[in-house]
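First comes the structure, then the notes that go with it.
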Amino acid sequence: MPQPVITARNLTKKYGDFTAVDGIDFEVAPGESFGLLGPNGAGKSTTMRMVGAVSTRTAGDLEILGLDPNDHGPDIRSQLGVVPQQDNLDQELRVRDNLLVYGRYFGLPRSVIAERADALLEFAQLADRTKAKVDDLSGGMKRRLTIARALINEPRILLLDEPTTGLDPQARHILWDRLFRLKEQGTTLVLTTHYMDEAEQLCDRLVVVDKGRIMAEGSPAALIREYSSREVLEVRFGSDKNAEAAEKLKGIGERLEVLPDRILVYSANGEAELERITHLGLEPITSLVRRSSLEDVFLRLTGRSLIE
Amino acid sequence: MTAASPTTSAPLTRQRSALYAGNTGAVIHRGLLATRSTNYLVVLSGFFEPVFYLLSLGIGFGALVGTVQTSTGQEVPYAAFIAPALLAVSAMNGAVYDSTWNVFFKLNYSKLYQGMLTTSLGPLDVALGEILLALLRGAMYAVGFMVVMQLFGLNLAWTALLALPAVLLIAFGFASLGMAITSYMKTFQQIEWVTFIMLPMFLFSATFYPITVYPEPIQWLIQALPLWHGVELVRGLTTGALSGMMLVHVGYYLVMIAIGIVFTTNRLRALFLK
Numbered sequence: 000m001p002q003p004v005i006t007a008r009n010l011t012k013k014y015g016d017f018t019a020v021d022g023i024d025f026e027v028a029p030g031e032s033f034g035l036l037g038p039n040g041a042g043k044s045t046t047m048r049m050v051g052a053v054s055t056r057t058a059g060d061l062e063i064l065g066l067d068p069n070d071h072g073p074d075i076r077s078q079l080g081v082v083p084q085q086d087n088l089d090q091e092l093r094v095r096d097n098l099l100v101y102g103r104y105f106g107l108p109r110s111v112i113a114e115r116a117d118a119l120l121e122f123a124q125l126a127d128r129t130k131a132k133v134d135d136l137s138g139g140m141k142r143r144l145t146i147a148r149a150l151i152n153e154p155r156i157l158l159l160d161e162p163t164t165g166l167d168p169q170a171r172h173i174l175w176d177r178l179f180r181l182k183e184q185g186t187t188l189v190l191t192t193h194y195m196d197e198a199e200q201l202c203d204r205l206v207v208v209d210k211g212r213i214m215a216e217g218s219p220a221a222l223i224r225e226y227s228s229r230e231v232l233e234v235r236f237g238s239d240k241n242a243e244a245a246e247k248l249k250g251i252g253e254r255l256e257v258l259p260d261r262i263l264v265y266s267a268n269g270e271a272e273l274e275r276i277t278h279l280g281l282e283p284i285t286s287l288v289r290r291s292s293l294e295d296v297f298l299r300l301t302g303r304s305l306i307e
Numbered sequence: 000m001t002a003a004s005p006t007t008s009a010p011l012t013r014q015r016s017a018l019y020a021g022n023t024g025a026v027i028h029r030g031l032l033a034t035r036s037t038n039y040l041v042v043l044s045g046f047f048e049p050v051f052y053l054l055s056l057g058i059g060f061g062a063l064v065g066t067v068q069t070s071t072g073q074e075v076p077y078a079a080f081i082a083p084a085l086l087a088v089s090a091m092n093g094a095v096y097d098s099t100w101n102v103f104f105k106l107n108y109s110k111l112y113q114g115m116l117t118t119s120l121g122p123l124d125v126a127l128g129e130i131l132l133a134l135l136r137g138a139m140y141a142v143g144f145m146v147v148m149q150l151f152g153l154n155l156a157w158t159a160l161l162a163l164p165a166v167l168l169i170a171f172g173f174a175s176l177g178m179a180i181t182s183y184m185k186t187f188q189q190i191e192w193v194t195f196i197m198l199p200m201f202l203f204s205a206t207f208y209p210i211t212v213y214p215e216p217i218q219w220l221i222q223a224l225p226l227w228h229g230v231e232l233v234r235g236l237t238t239g240a241l242s243g244m245m246l247v248h249v250g251y252y253l254v255m256i257a258i259g260i261v262f263t264t265n266r267l268r269a270l271f272l273k
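Residue numbers (numbering that gives the first Met the number 0), protein chains in the order written: chain A, 0 to 307; chain B, 0 to 273.
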């Protein structure tokens with residue numbers, strides 16, 4: 000295995016009495032696309048800030064590109080690209096100037112920045128908006144510009160904190176496509192998300208985090224194999240009959256998960272389970288058979304859903 | 000010497016300081032580019048304020064007053080007495096507007112500094128760059144005001160030329176301290192306090208009459224405030240009355256600049272790199 004670009008051992012961050020990150024361990028290999036999946040408040044952003052060398056750890060060890068962020072903050076930051084959760088584009092500058100000015104923050108020569116800026120605007124599909132005001136861009140465009148900006152220093156690691164939160168489905172797909180291209184080019188991606196579909200699309204490997212701790216680690220497919228069944232049958236009986244029906248469903252499928260509005264039946268064969276249910280004389284109002292997702296993994300691990 | 004460990008895949012030719020990347024130029028470049036989107040009417044309004052005072056009080060009211068004695072015992076026309084004070088005020092105004100309102104917005108709303116500090120810039124680069132930009136606005140006001148003074152014949156001696164570096168020093172001091180104070184503020188209301196303090200300081204710092212009108216304890220209070228030192232320094236230069244006290248005034252501003260830079264840098268680090 001090649002030398003990891005990020006190594007965290009027992010990484011901990013406390014704010015007063017509150018422990019935001021509670022002793023986590025992980026490694027990221029060069030070229031890998033690594034995800035932190037978890038609900039809001041799980042400690043994902045805090046972890047990202049420590050990896051980004053803008054927040055000091057309370058305990059544990061952290062190495063980014065072989066350097067300790069406590070001693071080499073600027074050296075590490077010069078080799079990172081950061082896409083924060085909330086866009087912090089420079090509203091007082093036009094689109095292209097945002098890239099030029101940001102490049103100068105890294106002390107890069109003007110000619111190099113100008114060349115990269117044009118290529119990145121092309122990549123971000125903003126080549127026709129170079130003179131636009133940042134305020135006039137759509138949410139998706141702003142995100143793409145933020146990503147382009149984060150690439151101006153040709154970073155060895157790109158950190159993305161909730162890259163598509165708040166975007167409409169179409170804008171999300173455009174963004175995923177761009178990120179997937181970066182991944183294909185070999186850029187190391189580290190991203191946080193609370194969308195399981197995003198994690199499934201973009202991450203080679205991920206950790207599921209909850210309350211500052213790592214609950215599980217693996218590729219999306221491996222996690223689903225390990226913590227869930229192949230298929231899930233979702234049945235609804237109406238909220239007042241839900242609990243009553245759940246009693247009668249005991250023994251059906253490999254495992255049941257009773258949610259306030261529906262019951263999830265985990266099984267290798269959802270259709271067969273649905274047949275068994277109707278044999279019992281129960282008539283769900285609606286039923287749906289789908290593949291297991293990371294959402295199910297999370298539910299299994301924490302007893303809660305990702306988006307609350 | 001042992002062989003370099005393979006983990007340091009990025010060899011360090013020189014270790015960058017955590018505080019300063021030597022790249023203040025990038026921050027200033029950004030500030031100058033951003034002024035393209037500023038509303039120049041708002042910027043200019045700050046310049047005209049002391050000019051209006053000069054016209055109404057210096058020229059108008061001054062006709063009733065005649066001459067006034069400066070702290071060095073020189074009799075000068077009233078307009079020539081208040082003009083250097085207003086020159087110091089214009090340097091102060093420009094520097095303070097920029098280092099309070101603008102800095103507050105960039106700090107808390109546009110998240111500009113937060114973004115800058117995720118790059119290889121250090122907090123000292125950002126602090127110095129922003130302070131120098133605020134200084135620039137103060138210097139622009141002051142230079143404009145000096146032209147007005149020259150037109151009205153209120154520069155009484157060749158030493159008035161030295162008022163130019165003096166106003167730069169004054170603007171630097173106010174910009175530096177202003178940004179330091181602003182970096183601790185959380186609400187717009189707190190910035191109103193700055194305005195609330197600046198108005199009496201402007202009116203009472205021996206701006207419009209000699210400090211000797213006050214009882215001694217009040218004089219001490221005025222002399223502890225920064226504007227009085229600026230007013231005295233500039234007045235000495237434009238009226239041609241040089242004195243050893245000027246070194247004290249310059250020293251006061253040098254200390255003010257240093258305190259401002261140290262506090263701003265530490266505060267930026269505490270806010271965005273902890």
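We put the beta carbon where it would ideally sit given N, CA and C, even for glycine.
Predicted, not measured: the structure shown is a model, and the values here were computed from it.
Supposed contact pair residue j and residue i - C-beta distance, whole angstroms, cut 8 Å
i                      : j                      : result
residue 182 of chain B : residue 241 of chain B : At roughly 37 Å, the Cβ-Cβ gap does not stay under 8 Å, so residue 182 of chain B and residue 241 of chain B are not in contact.
residue 27 of chain A  : residue 3 of chain A   : 6 Å
residue 219 of chain A : residue 198 of chain A : 6 Å
residue 316 of chain A : residue 162 of chain A : Since the first residue shown for chain A is 0 and the last is 307, residue 316 of chain A is missing from the structure and cannot be characterised.
residue 74 of chain A  : residue 66 of chain A  : 6 Å
residue 232 of chain A : residue 269 of chain A : 4 Å
residue 120 of chain A : residue 142 of chain A : Actually they are not in contact, since the Cβ atoms of residue 120 of chain A and residue 142 of chain A sit about 14 Å apart, beyond 8 Å.
residue 313 of chain A : residue 291 of chain A : The structure shown does not extend to residue 313 of chain A, since chain A is modelled only from 0 through 307, so no value can be given for it.
residue 172 of chain A : residue 37 of chain A  : Their Cβ separation, rounded to whole angstroms, is 23 Å, which puts residue 172 of chain A and residue 37 of chain A out of contact at 8 Å.
Which listed residue (the options) has its alpha carbon closest to that of residue i
i                      : options                   : result
residue 198 of chain B : B:113, B:258, B:95        : B:95
residue 106 of chain A : B:112, B:118, B:250, B:81 : B:118
residue 201 of chain A : A:215, A:214, A:181       : A:181
residue 79 of chain A  : A:101, A:272, A:183       : A:101
residue 179 of chain B : B:121, B:88, B:261, B:16  : B:261
residue 90 of chain A  : A:54, A:136, A:232, A:46  : A:136
residue 215 of chain A : A:103, A:132, A:294, A:6  : A:294
residue 138 of chain B : B:71, B:127, B:86         : B:86
Alpha-carbon to alpha-carbon, residue j and residue i
i                      : j                      : result
residue 140 of chain B : residue 247 of chain B : 25 Å
residue 244 of chain A : residue 299 of chain A : 21 Å
residue 97 of chain A  : residue 41 of chain A  : 32 Å
residue 186 of chain A : residue 19 of chain B  : 29 Å
residue 161 of chain B : residue 220 of chain B : 27 Å
residue 156 of chain A : residue 208 of chain A : 21 Å
residue 133 of chain B : residue 27 of chain B  : 10 Å
residue 247 of chain A : residue 224 of chain A : 27 Å
residue 177 of chain B : residue 259 of chain B : 7 Å
residue 129 of chain B : residue 267 of chain B : 12 Å
residue 108 of chain A : residue 25 of chain B  : 11 Å
residue 301 of chain A : residue 69 of chain A  : 33 Å
residue 93 of chain B  : residue 173 of chain B : 9 Å
residue 9 of chain B   : residue 252 of chain B : Because residue 9 of chain B carries a pLDDT of 42, less than 50, the predicted location of this residue cannot be relied on, and no value is offered for it.
residue 88 of chain B  : residue 202 of chain B : 10 Å
residue 178 of chain A : residue 203 of chain A : 13 Å
residue 231 of chain B : residue 42 of chain B  : 26 Å
residue 22 of chain B  : residue 77 of chain A  : 13 Å
residue 55 of chain A  : residue 39 of chain A  : 21 Å
residue 49 of chain A  : residue 187 of chain B : 30 Å
residue 297 of chain A : residue 128 of chain A : 40 Å
Under 7 Å between C-beta atoms of residue i and residue j
i                      : j                      : result
residue 19 of chain A  : residue 237 of chain A : no
residue 237 of chain B : residue 83 of chain B  : yes
residue 45 of chain B  : residue 87 of chain A  : no
residue 21 of chain A  : residue 8 of chain A   : no
residue 168 of chain B : residue 53 of chain A  : no
residue 263 of chain A : residue 256 of chain A : yes
residue 34 of chain A  : residue 258 of chain A : no
residue 163 of chain B : residue 200 of chain B : no
residue 17 of chain B  : residue 72 of chain A  : yes
residue 47 of chain B  : residue 190 of chain B : no
residue 166 of chain B : residue 223 of chain B : no
residue 239 of chain B : residue 150 of chain B : no
Closer than 7 Å at the beta carbon, the chain D residues around residue i
i                     : result
residue 54 of chain A : Among the chains of the structure shown, chain D does not appear; the protein chains present are A and B.
*Completely contained beta strand (DSSP E) runs for the stretch 29–54 of chain A, where each covers 3 or more residues*: Restricting attention to beta strand (DSSP E) runs no shorter than 3 residues, the stretch 29–54 of chain A encloses them at 32–36, ordered along the chain.
*Ordered list of alpha helix (DSSP H) runs contained in the stretch 125–208 of chain A, each at least 4 residues*: 138–149, 168–183, 195–201
*asked:* Please give the ranges of any beta strand (DSSP E) in the stretch 149–219 of chain B, keeping only runs that are unbroken, at least 3 residues long and fully inside the region.
replied: none
*Only counting runs of 3 or more residues, tell me where the beta strand (DSSP E) segments fall wholly within the stretch 214–300 of chain A, in order along the chain.*
230–235, 254–257, 262–266, 285–290
_Sequence ranges, beta strand (DSSP E) only - wholly within the stretch 46–128 of chain A, length at least 3_ = 58–63, 79–82
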